[in-house]
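Residue numbers (numbering that gives the first Met the number 0): 0 to 159.
To keep things clear, I will list the structure first and then write my remarks on it.
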Amino acid sequence: MSGGVLAELKARVDLRAHGMKDEAGDVDPSGVKDRPWVTELEVKRYLENKSDGKWLIECDTTEVGTLWQLCRKMYHSGALSGVSSMKVSTSHERYSSWRTAVIVLYCTGNESACKETGQSILDVIPYSPPSGKMFFKTDAQTLGAEAGSHVYWLPTKREQ
Numbered sequence: 000m001s002g003g004v005l006a007e008l009k010a011r012v013d014l015r016a017h018g019m020k021d022e023a024g025d026v027d028p029s030g031v032k033d034r035p036w037v038t039e040l041e042v043k044r045y046l047e048n049k050s051d052g053k054w055l056i057e058c059d060t061t062e063v064g065t066l067w068q069l070c071r072k073m074y075h076s077g078a079l080s081g082v083s084s085m086k087v088s089t090s091h092e093r094y095s096s097w098r099t100a101v102i103v104l105y106c107t108g109n110e111s112a113c114k115e116t117g118q119s120i121l122d123v124i125p126y127s128p129p130s131g132k133m134f135f136k137t138d139a140q141t142l143g144a145e146a147g148s149h150v151y152w153l154p155t156k157r158e159q
């Protein structure tokens, strides 16, 4: 996908252009069925740290509510350095057959900055998937529907 197309897509979701306000995802995502995602967003923070990609926390649907609330708490306390916004999958029919949920933590920067943000996540979120890794995927990969691909990964406590 060309840089021009990516820039055009990002412009369409520019919060300033749409007058959006802060969003708080203070719900248990496993109980939400009317929308596929719940978002946590501070507009000022989002505008200062535009997203180029995201760290993905995949977890069992029985654990997602607890992990989501911890992510929210750490986001608002400033412990998730470099995270501009977050979202979590819900029990929407689109995902109802999945046994896993995903928490998406958006960030920006080069490889070093992305990995620093990823490490700040792992420092405060008890995440230990079977793979022993947390993965980073670029927005271009997502927009290009490159399922399963990633550009960076960090070892979780299970692997370290």
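All residues carry an ideal CB built from backbone N, CA and C; glycine is no exception.
Predicted model only: the values in this text are computed from it and were never measured.
In the DSSP output, which residue or residues are listed as bridge partners for residue i?
i	result
Lys86	Thr38 and Val103
Asp59	Thr99
Leu153	Met133
Lys53	Tyr105 and Lys136
Apart from the five residues just before and just after residue i, which ones in its own chain have a Cβ nearer than 7 Å to its Cβ?
i	result
Arg44	Ser83
Tyr126	Ile56, Met133 and Thr155
Tyr74	Glu39, Val82 and Met85
Glu115	Gly81
Ala100	Pro28, Cys58, Thr60, Val63, Val87 and Ser88
Assuming residue i and residue j are in contact, meaning their beta carbons sit under 8 Å apart, how far apart are those beta carbons, in whole angstroms?
i	j	result
Lys132	Leu153	7 Å
Ser80	Ser119	4 Å
Between the C-alpha atoms of residue i and residue j, what's the straight-line distance to the nearest angstrom?
i	j	result
Asp25	Gln68	7 Å
Val87	Ile102	4 Å
Cys106	Glu92	28 Å
Arg71	His149	24 Å
Arg98	Trp54	19 Å
Ala78	Glu47	16 Å
Val37	Thr65	14 Å
Pro129	Cys58	10 Å
Tyr151	Pro35	26 Å
Leu121	Leu104	12 Å
Gly117	Asn109	12 Å
Ser76	Gly52	22 Å
Cys113	Asp138	13 Å
Got a sec? Which residues, its chain only, sit under 8 Å from residue i by beta carbon, not counting five neighbours each side?
i	result
Ser90	Pro28, Ser29, Gly30, Val31, Lys32 and Thr60
If you drop the 5 nearest sequence neighbours on each side, which residues of the same chain put their C-beta closer than 6 Å to that of residue i?
i	result
Val123	Met73 and Ala78
Gln140	Ser148
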